[in-house]
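Remarks on the structure that follows.
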Amino acid sequence: MPFLDTDDGRAYYRHWASPDPRAAVVFLHGFGEHTGLYHRYGFALNAAGIDLWAVDQFGHGLTPGERGDFGSLEASVALADRLAELARAETPDVPLIAQGHSFGAVATLWKVLAAPDAYPAAVISGAPLIPVPGLVDVDSTFEIAPNQLSADPFYLDAMENDPLAFVDADGGPLARELDRGWDTFGTTLPTLAIPTLAVHGANDPIAPIGALRAYAEQIEPLSLVEMAGGGHDILNDVSHREVADHVVEFVHRSCAQCG
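Every letter in the sequence shown is one number past the one before it in the UniProt record's numbering, and letter 10, counting from 1, is 10.
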């Protein structure tokens with residue numbers, strides 16, 4: 001099985017490869033997930049000539065660690081950096097796009113804000129840009145009802161029956177790292193310098209869309225696509241095909257603009 005070696009430990013990754021890729025996406029998933037939940041998304045990108053590289057973050061999927069504990073934002077960024085190294089070695093002339101969902105979106109923003117030259121563009125989904133109800137107490141257990149995530153039966157079945165997926169865990173480590181992002185985004189997000197697509201469910205109960213709307217109105221490189229009726233895990237909701245189409249169009253446009 002393929003594993004990345006990092007200073008923080010080994011991490012399992014997957015690569016969905018298209019025959020002749022025009023671009024590649026380096027993806028960080030969210031809390032309770034793992035890369036095996038993203039086969040449909042990987043195949044949709046492949047059909048459009050885009051490779052997908054995704055890594056099971058610490059405490060998730062086949063990567064060791066305490067369940068639900070990503071470690072630090074820096075640890076997640078380091079995973080994406082190592083994955084990007086592999087992608088560049090595999091296809092050196094193909095543009096790389098950064099992408100993250102939920103906590104992965106926070107880590108992705110953390111990276112591109114600190115290193116705007118690392119990627120020509122980024123994609124985020126389910127991004128919690130302000131404090132999340134239920135995660136303000138670092139001593140609490142974070143529990144999510146699966147139907148808050150998606151209305152897609154396939155995904156709900158996976159979340160309920162996949163032994164590598166979960167909807168509850170100690171929320172302390174997650175809250176502490178999210179707090180670090182929340183503490184800085186008010187001043188750092190306005191400095192966003194690369195084109196960034198936010199795809200977000202209009203009915204997301206975990207990361208309400210209002211904050212993202214406000215940021216998108218003020219930050220020129222940040223564009224927002226609202227999915228009517230969508231929940232938190234919008235990449236795996238009933239509108240997943242339409243969401244993938246939006247991402248594909250953005251990736252192709254961004255790569256054309258970056259030469």
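In this text, a Cβ means the ideal position worked out from N, Cα and C, and glycines have one as well.
Nearest to GLY36 (by Cα), restricted to the options ILE209, ASP162, GLY100 = ASP162
Kindly indicate the opening and closing residues of the alpha helix (DSSP H) around HIS39.
-> 39-47
DSSP bridge partner residues for LEU197 (one or two, in chain order) = VAL123, SER223
Kindly indicate the opening and closing residues of the beta strand (DSSP E) around GLY100.
-> In the DSSP annotation of this structure, the continuous segment of the beta strand (DSSP E) that includes GLY100 starts and ends at 96-101.
From what residue to what residue does the alpha helix (DSSP H) around GLY229 run?
-> Run containing GLY229: none; DSSP gives neither H nor E here.
By Cβ distance below 8 Å, which residues in the same chain neighbour ALA145 in space, the five residues on each side in sequence not counted?
-> VAL167
Within the chosen definition, does the segment 170-179 reach the segment 84-96 through at least 3 CB pairs nearer than 8 Å?
-> No, they do not touch.
For PHE3, which of helix, strand or coil comes out of DSSP?
-> DSSP places PHE3 in strand when its eight states are reduced to three.
May I ask you to list the residues that DSSP assigns as paired with HIS14?
-> Per the sequence shown, the amino acid found at residue 14 is Arg instead of His. DSSP lists ALA54 as partners of ARG14.
Looking at C-alpha atoms only, which residue of GLY231, ASP56, GLU74, SER239 is the closest neighbour of LEU109?
-> GLU74
Indicate whether the contact test is met: 3 or more Cβ pairs, each with one atom in the segment 118-133 and one in the segment 95-102, closer than 8 Å.
-> As far as the Cβ criterion goes, the segment 118-133 touches the segment 95-102, which means the pair count is three or higher.
Pull up the DSSP beta-bridge partners for PHE27, would you.
-> ALA54, GLN99
Quick one: using the 10 Å Cβ neighbour count with 16 as the cut-off for buried, is THR196 buried or exposed?
-> buried
Taking 8 Å as the cut-off, decide whether the C-beta atoms of LEU79 and LEU164 are in contact.
-> Against a cut-off of 8 Å, the Cβ pair of LEU164 and LEU79 comes out as no contact.
Just reading off the beta strand (DSSP E) that ASP170 is part of, what are its end residues?
-> 168-170
Helix, strand or coil for GLY210 per DSSP?
-> helix
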